[in-house]
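Residues 0 to 290 (numbering that gives the first Met the number 0) are what the sequence shown spells out, left to right.
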Amino acid sequence: MIPLVVKKEKIGPIIGRHPWVYSKALLYIPEGLSPGEPVKLIDERGRFLATGYFNSYSQISVRIWGYEEDEAIDLNFFRRRISEALSIRKKYVEKGNTNAYRVINSEGDFLPGLVVDKYGEYLVVQFHTKGMEYWRKNVISALMEVIRPKGIYERSEIYSTLDGKPEEKNGPIVGKIPDLIKVKENGLDFLVDIKRGQKTGFFLDQRDKRNALRKYVKGARVLNCFSYTGGFAVYAFAGGAESVINIDTSQDALELAKENVKLNGFKTEKVENIKGDVKKVLTSQDESYDV
Numbered sequence: 000m001i002p003l004v005v006k007k008e009k010i011g012p013i014i015g016r017h018p019w020v021y022s023k024a025l026l027y028i029p030e031g032l033s034p035g036e037p038v039k040l041i042d043e044r045g046r047f048l049a050t051g052y053f054n055s056y057s058q059i060s061v062r063i064w065g066y067e068e069d070e071a072i073d074l075n076f077f078r079r080r081i082s083e084a085l086s087i088r089k090k091y092v093e094k095g096n097t098n099a100y101r102v103i104n105s106e107g108d109f110l111p112g113l114v115v116d117k118y119g120e121y122l123v124v125q126f127h128t129k130g131m132e133y134w135r136k137n138v139i140s141a142l143m144e145v146i147r148p149k150g151i152y153e154r155s156e157i158y159s160t161l162d163g164k165p166e167e168k169n170g171p172i173v174g175k176i177p178d179l180i181k182v183k184e185n186g187l188d189f190l191v192d193i194k195r196g197q198k199t200g201f202f203l204d205q206r207d208k209r210n211a212l213r214k215y216v217k218g219a220r221v222l223n224c225f226s227y228t229g230g231f232a233v234y235a236f237a238g239g240a241e242s243v244i245n246i247d248t249s250q251d252a253l254e255l256a257k258e259n260v261k262l263n264g265f266k267t268e269k270v271e272n273i274k275g276d277v278k279k280v281l282t283s284q285d286e287s288y289d290v
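Written out as structure tokens, the structure is:
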């Protein structure tokens with residue numbers, strides 16, 4: 000690995016495990032480094048600090064891989080990182096009868112610039128940086144070996160990052176991807192559009208909030224603003240809600256919301272979908288709701 004020297008007054012954040020190193024923290028940057036090229040960070044006395052990948056397209060010159068000096072960055076490296084991340088998710092997430100969740104959360108799993116979401120037997124990947132794009136083939140190979148999905152779909156066009164936006168890519172990488180994928184979350188079923196839906200298809204980060212809603216809605220009239228595909232509506236009915244009103248600007252999302260209610264065996268006549276701007280809809284009504 001190419002060594003990069005960190006200024007003595009800038010090593011504190013690295014020792015404190017901050018995952019980014021800005022260009023101004025480096026004593027100098029050698030010419031000819033490619034985005035994604037692995038580098039070794041050292042202090043001015045030559046002592047090892049961390050490994051990372053270089054990116055000339057950003058003020059964030061290095062994103063950190065880890066803190067083991069002799070760790071090679073190769074296919075085995077990606078296999079290990081993905082396996083470690085997956086084992087944590089299986090331990091804590093799949094216990095709850097859930098097969099849709101984030102497998103790789105960028106810096107949080109020491110794979111900076113990479114996001115991977117699992118929807119049943121399919122994966123959605125996002126390369127957020129030029130540096131991670133450099134490792135694309137290894138990433139896809141490792142995902143196929145470790146997780147063995149039926150297909151992988153890319154949504155890297157979603158984010159415009161500080162890092163010099165990767166080439167916009169939105170499409171299948173491996174396998175044939177269905178228009179809708181049926182997934183399970185906390186025992187409830189949902190249809191997800193990973194090709195055209197928001198985020199990577201579903202707001203996976205709202206899982207615990209959706210589940211918590213069940214406790215507060217028995218017999219309630221529920222207003223679900225910015226409802227998207229009805230995740231909170233389904234959980235509301237699972238908690239015994241009397242009725243739900245969904246408001247969203249997307250007709251496609253509202254239609255899928257009703258399908259998700261039906262998919263779980265709840266009565267669709269108890270859900271009303273309103274297409275429109277939430278603020279305008281609410282100011283035009285004189286209604287009150289329990290939740």
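The beta carbon of each residue, even a glycine, is placed where N, CA and C say it ideally should be. Quantities reported herein were computed from a predicted structural model and do not represent experimental measurements.
- Here the C-alpha atom of K279 lies approximately 55 Å from the C-alpha atom of G31.
- Its chain contains no residue whose beta carbon lies nearer than 6 Å to that of Y27 once the 5 sequence neighbours on both sides are disregarded.
- As the crow flies, the alpha-carbon of K274 is around 5 Å from that of T248.
- DSSP, reduced to helix, strand and coil, places R206 within a helical segment of the structure shown.
- In this structure, N223 lies away from F236, with their beta-carbon atoms at least 8 Å apart.
- DSSP places K6 in the coil class of the three-state scheme, outside both helix and strand.
- The region 171 to 181 and the region 132 to 151 touch, with no fewer than 3 CB-CB distances between them shorter than 8 Å.
- Annotation note: the region 92 to 162 contains the following uninterrupted alpha helix (DSSP H) runs of length 4 or greater, listed N- to C-terminal: 129 to 132, 135 to 145.
- For L253, the enclosing alpha helix (DSSP H) starts and ends at 250 to 262.
- With a cutoff of 8 Å on beta-carbon distance, D289 and R220 are scored as near each other.
- When secondary structure is reduced to three states using DSSP, R220 falls in the strand class.
- Under the three-state reduction of DSSP, F53 is assigned to strand.
- L32 carries a coil assignment under DSSP once its states are collapsed to helix, strand and coil.
- For G65, there is no enclosing alpha helix (DSSP H); the residue is found in the beta strand (DSSP E) stretching over 59 to 65.
- Per DSSP, I172 is one residue of the beta strand (DSSP E) stretching across 169 to 173.
- Contact annotation: the region 193 to 209 touches the region 112 to 130, with at least three C-beta pairs closer than 8 Å.
- Among the bridge pairs identified by DSSP, D247 is matched with K274.
- Going by C-alpha positions, R16 is about 14 Å away from I41.
- Partner residues in the beta bridge of S242, as assigned by DSSP, are R220.
- The beta-carbon separation of K117 and A141, rounded to 14 Å, does not stay under the 8 Å limit for a contact.
- In the structure shown, Y234 falls within a helical segment according to DSSP collapsed to helix, strand and coil.
- Distance from the CA of E132 to the CA of P177, rounded to the nearest whole angstrom, comes to 25 Å.
- In the displayed model, I72 falls within coil according to three-state DSSP, outside both helix and strand.
- Take the alpha-carbon of E36 and the one of I193: they are about 31 Å apart.
- For P177, no beta strand (DSSP E) segment is defined, and its DSSP state is neither H nor E.
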